[in-house]
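Reading the sequence shown from the start, the letters are residues 1 to 333 in full-length UniProt numbering.
This report refers to the structure that appears directly beneath it.
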Amino acid sequence: MGDHQPQEPTEGGQPRATQAGPQEPNDPVEVDRGFQQLFVIFEVQHFQLQNGRRYHAFREGAYLVPNDDEEQDRMDLAHHIYRLLIGGKLHLAPIGENPQRVLDLGTGTGIWAMDFADEYPSADVRGTDLSPIQPKWTPPNCSFEVDDFEADWLYHRPFDFIHGRELEGCLSNDKKLFKQAFKHLSPGGYIELQAAYPPLKSDDDTGDKATDFHKWVNTICDASAKFGKPLTGAPEWRAMLEEVGFVDVQQQIRKVPMGPWPKDPKLKEIGKFQAVQEAQVIDSYTPGLFGRVLGWSEEEIQVFVAKVKRDLKDPNIHLYQQLYFIWGRKPEG
């Protein structure tokens with residue numbers, strides 16, 4: 001991951017989360033976006049507190065996962081795991097050496113966007129999210145803004161690369177998002193999606209012992225579907241990208257062990273990190289989806305979560321999940 005040093009403050013000393021990136025002067029569409037952001041500044045700077053966790057206020061209820069320090073730590077750890085899985089890379093799409101305009105959807109803490117900006121100094125990298133939780137000090141070619149990528153996009157200039165990680169559970173209309181990405185890419189530009197597929201797998205019979213863990217995954221997937229933003233969409237995205245017009249669509253699936261049980265040293269290291277990250281996932285995702293969607297009480301959630309984590313920590317249970325890496329190109333002409 002990049003070693004981010006403090007940069008000069010942005011003009012006016014405002015947080016990047018409420019500023020757009022470098023723009024062409026007098027761009028009417030970008031001016032419209034600026035007015036929209038001024039309209040929501042008060043709203044986004046306030047958060048909702050529930051069950052001891054902090055949630056976004058802008059478009060309240062659109063996303064049922066917290067944005068507090070615990071969840072931010074999880075996002076950064078997940079970033080490390082994704083990079084380990086693909087040899088330290090930030091992406092697999094063959095985007096070339098000098099991308100100019102890059103969009104990171106659901107940027108979270110902004111760690112991917114900042115690392116990308118460090119690695120590609122030619123790029124103007126823009127990260128968007130419902131929560132203004134990104135650092136104020138960023139690489140000079142990286143900026144953040146509060147935005148809902150499920151709303152209509154108003155960007156005036158096309159992007160060379162659009163990236164979205166962990167968008168599972170965030171999309172009520174997957175194909176609409178992919179159509180918007182296609183429209184707002186330059187010819188020859190790429191989209192890349194990186195996502196977890198929640199169902200647990202095992203290559204031996206030890207996975208059958210994790211009854212509570214399996215129940216948790218099945219229940220949270222049911223809850224996300226009921227909420228209207230399924231967690232299980234990644235296996236369908238390759239076909240959807242092709243349907244909206246992308247070509248040369250590729251997909252790679254990587255195993256992520258739930259603990260340090262693998263013999264392979266690299267997978268063992270990844271498993272150690274993933275066990276911590278998955279425990280954080282359980283803490284972050286359960287209250288909103290089990291409580292607000294399914295109506296579980298706080299006590300019921302606490303008792304069940306303890307059982308699930310017991311399965312997660314059992315060294316004799318060999319479980320893994322699959323992470324999907326999917327990318328495609330907008331054709332020339």
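Idealized CB from N, CA, C, for every residue including glycine.
- A Cβ-Cβ contact shorter than 8 Å links threonine 109 with methionine 75.
- The DSSP-derived three-state label of leucine 77 is helix.
- For the options Ser297, Tyr324 and Asp283, the alpha carbon positioned closest to that of alanine 306 is the one of Asp283.
- By the neighbour-count definition (other C-beta atoms within 10 Å, threshold 16), alanine 223 is a buried residue.
- DSSP places serine 284 inside the alpha helix (DSSP H), whose first and last residues are 265-286.
- When the alpha-carbon of isoleucine 317 is set against those of Glu70, Pro287 and Pro257, the nearest one is in Pro257.
- The three-state reading of DSSP puts histidine 163 in strand, counting E and B together.
- Residue Lys183 holds the alpha-carbon nearest to the alpha-carbon of leucine 241 among Cys142, Lys183 and Phe149.
- Taking a 10 Å sphere around the C-beta of lysine 201, we find fewer than 16 other C-beta atoms and assign the residue as exposed.
- For glycine 228, the CB contacts under 8 Å within the same chain, skipping 5 residues up- and downstream, are Ser172 in chain order.
- The C-alpha of glutamine 180 is placed about 33 Å away from the C-alpha of tyrosine 320.
- Under the 8 Å Cβ criterion, the stretch 270-277 counts as touching the stretch 244-260, having at least three qualifying pairs.
- Membership of arginine 254 in the beta strand (DSSP E) is indicated by the continuous run 247-257.
- Phenylalanine 161 and aspartate 69 have their C-alpha atoms some 29 Å from each other.
- Going by DSSP, isoleucine 301 is part of the alpha helix (DSSP H) stretching over 298-313.
- Counting the other Cβ atoms within 10 Å of the Cβ of glutamine 252 gives fewer than 16, which makes it exposed.
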